[in-house]
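Student: In the numbering used here, the protein residues as written are 13 to 150.
Yeah, the Cβ is synthetic: ideal placement off N, Cα and C, and Gly gets one too.
As the structure is a prediction and not an experimental result, all values here were calculated from the model.
1) Secondary structure at residue 131, three-state DSSP: helix, strand or coil?
2) Do the CB positions of residue 59 and residue 82 come within less than 8 Å of each other?
3) Buried or exposed: where does residue 116 fall if 16 or more other Cβ atoms within 10 Å of its Cβ makes it buried?
4) Please identify the residue among 109, 91 and 126 whose C-alpha is closest to the C-alpha of residue 69.
5) Using 8 Å as the threshold, is the segment 80-94 in touch with the segment 39-48, meaning 3 or more CB pairs across them?
6) If you compare alpha carbons, which of 124, 66 and 87 is closest to residue 53?
7) If I follow the unbroken alpha helix (DSSP H) through residue 82, where does it start and stop?
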């Protein structure tokens, strides 16, 4: 049996070691940057969720008040105390608030999907459950 080993490898092994160490450091830095980006996204999404939740609450109240105002306007119209234009304005305002409520609801769903996607928890079961909830109300 004969073992052959070069006395000097022209720095090949040392060069490969330095390259491997540099690749490891580069990968660690990339992972650190990605983690910071994800943390930033999560904080932004949580802030958006909180503000959207507050807006939804205000819009629900506005819709509820609009419904009551429309009912009062229609009763007043039938009693001759209001004209048809005032009833139409009440309807218009109610419908505008309902549209805005739907838009905010969809924004909330969008932010939740983004949050689940960023946190790597968005999966097929979650999407199916969300679809059942959304389509059950229609």
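Tutor: For this structure:
1) coil
2) no
3) buried
4) 109
5) no
6) 124
7) 24-90
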